[in-house]
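Its first residue numbered 557, the sequence shown is counted upward by one per residue in the working numbering.
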Amino acid sequence: MKNRKLERAPRRAHEAAFTMIELMVAMAIFLIISAAAFSLFASHQPVFSQQQNLAEVNIALRNAVAQMQLDIANAGANYYAGNNIPNYPVGVTVTNNVVAAGGDCRSGTPLVYGANCFDSFNIITADSSTPPTNPVNTGCAVTSSSSTIYLAPSGVSTGYATAALATAAAANYKSGDQLLLVKSDGSQYTTIQLTAAGSTGTGSTAPNTNLYVALTGHTTTTAAGLNTTTTDPYNMSTNTNSMLGATFCSTDYLLRLIPITYSVDTSTSIPTLIRTVAGTTQTLAQKTLATQVIGFKVGVSLFNATTDTDTTTYCFNAQSYDPNCPGVTSGTNGAWAYNYTLVRSMMVSLIGRTNPSVDPTYVYRNSFDSGSYQIQGVSAVINPRNMSMTD
Numbered sequence: 557m558k559n560r561k562l563e564r565a566p567r568r569a570h571e572a573a574f575t576m577i578e579l580m581v582a583m584a585i586f587l588i589i590s591a592a593a594f595s596l597f598a599s600h601q602p603v604f605s606q607q608q609n610l611a612e613v614n615i616a617l618r619n620a621v622a623q624m625q626l627d628i629a630n631a632g633a634n635y636y637a638g639n640n641i642p643n644y645p646v647g648v649t650v651t652n653n654v655v656a657a658g659g660d661c662r663s664g665t666p667l668v669y670g671a672n673c674f675d676s677f678n679i680i681t682a683d684s685s686t687p688p689t690n691p692v693n694t695g696c697a698v699t700s701s702s703s704t705i706y707l708a709p710s711g712v713s714t715g716y717a718t719a720a721l722a723t724a725a726a727a728n729y730k731s732g733d734q735l736l737l738v739k740s741d742g743s744q745y746t747t748i749q750l751t752a753a754g755s756t757g758t759g760s761t762a763p764n765t766n767l768y769v770a771l772t773g774h775t776t777t778t779a780a781g782l783n784t785t786t787t788d789p790y791n792m793s794t795n796t797n798s799m800l801g802a803t804f805c806s807t808d809y810l811l812r813l814i815p816i817t818y819s820v821d822t823s824t825s826i827p828t829l830i831r832t833v834a835g836t837t838q839t840l841a842q843k844t845l846a847t848q849v850i851g852f853k854v855g856v857s858l859f860n861a862t863t864d865t866d867t868t869t870y871c872f873n874a875q876s877y878d879p880n881c882p883g884v885t886s887g888t889n890g891a892w893a894y895n896y897t898l899v900r901s902m903m904v905s906l907i908g909r910t911n912p913s914v915d916p917t918y919v920y921r922n923s924f925d926s927g928s929y930q931i932q933g934v935s936a937v938i939n940p941r942n943m944s945m946t947d
């Protein structure tokens, strides 16, 4: 019996083990399955990356438009703080880079999107921390003159101000500030830019010898209230329109502006949508909203347009503003041209793309411009809250 047990033990151990052939077959099956799995993963990786990139573009465009909606809703805000100042004349100014009929803003291979593919706009708001003031020069303050403009500190009648009050009020005005002069009834406006910080003082052009805020350095306008793009970077008064003027009196107002600008930076190969804010110190703060932007167009609907719901009345050319803008020939509308006081609604259209692929095996081409990338677009109609209230 003992001998039989000893003989069986080696046989059982031998029967429980894998042979070399069985092990090699198992490894071969494992390698085949693994190769198939990795191949499937590799084939889906580009698709996954494309979808991720497309989602990134979609989110960036939607977030950018959402930010525009928040800002545009407040266009023309803070024009009055306890003062009876019109809500407008200016809430939004638009710079349209118009593509000629039959033309194209794109060129080259691969396509390069030029400046005419992109518009820009400025949201004009007044600094709520600087109260509106009245110019109190003898007679009226003419902005085209080089004389000092005297301001009555807010809340002080006829300019009777203590030195402390006048000094505090003067500190609100800094070199580089953009200032809006506007008639008390909103019938005319123009802008000036400070070239020196505000101070206090009296002078022969002031109505009396009381202490005032004195703006001793500022740019000048023409007799019609016109400026250049250098002195008015927000294009409020750079083109002739029927609302501009140069003479403002003690019943009128001067407002310190802190505009917000939306534009596309084309200085690099990656067009980038940026939001630029003129802060309370007039230091410009830029924020990138979206990259790989290939289209940004801004149209407006105007006061007294044919219908409020007809989207064909949205005009994408500021030199042709008219109640029926799309049907107007450039230059035939006279006083309507560049008249931003007529703007009552805006349409913004934004187009972006995923990063162009340089992989030679990437065969996808989109139907928009046949580029090796995917396209996303968003469009929105936005109404400034404080416009159209009494039209």
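Even for Gly, the Cβ is constructed at its ideal location relative to N, Cα and C.
- For Ala893 and Gln875, the gap between their C-alpha atoms comes out near 5 Å.
- Around the C-beta of Phe804, 16 or more other C-beta atoms lie within 10 Å, and the residue is accordingly described as buried.
- Cβ contact annotation for His774 (same chain, cutoff 7 Å, sequence separation greater than five): Ile705, Ile748, Gln749, Leu750, Thr751, in chain order.
- Per DSSP, Thr828 is not a residue of any alpha helix (DSSP H); the beta strand (DSSP E) it occupies stretches across 828 to 834.
- Assigned with DSSP and collapsed to three states, Gln625 falls in helix.
- Going by beta carbons, Leu767 and Ala719 fall inside the 8 Å limit.
- Taking C-beta atoms as the reference points, Asp675 and Phe924 fail to come closer than 8 Å.
- In the DSSP assignment, Leu840 falls within the beta strand (DSSP E) that extends over 840 to 846.
- The segment 659 to 669 and the segment 609 to 616 do not touch, with fewer than 3 CB-CB distances between them shorter than 8 Å.
- Annotation: the continuous beta strand (DSSP E) that includes Leu707 extends over 705 to 708.
- Taking the Cα positions, Ile938 is about 22 Å away from Thr828.
- Counting along the chain, Leu721 sits inside the alpha helix (DSSP H) bounded by residues 719 to 726.
- By the CB criterion at 8 Å, Val648 and Met902 fall inside the cutoff.
- Counting C-beta atoms within 10 angstroms of its own C-beta, Pro691 has 16 or more neighbours from the protein chains shown and is therefore classed as buried.
- Taking C-beta atoms under 8 Å as the contact rule, Ala697 and Ser731 fail to qualify, at a distance of about 19 Å.
- With 16 or more other CB atoms across the displayed protein chains lying within 10 angstroms of its CB, Arg900 is buried.
- Taking the C-beta atoms as reference points, Asn652 is found nearer than 8 Å to Asn873.
- When the beta-carbon positions are compared, Thr746 and Gly801 come within less than 8 Å of each other.
- Residue pairing from DSSP places Gln932 in a beta bridge opposite Gly908.
- Ala591 sits in a helix when the DSSP states are folded into three classes.
- Apart from the 5 residues on each side of it in sequence, Met792 sits with its Cβ closer than 6 Å to the Cβ of Val646, Thr649, Thr747 in its chain, given in chain order.
- Leu721 and Arg831 have their C-alpha atoms some 35 Å from each other.
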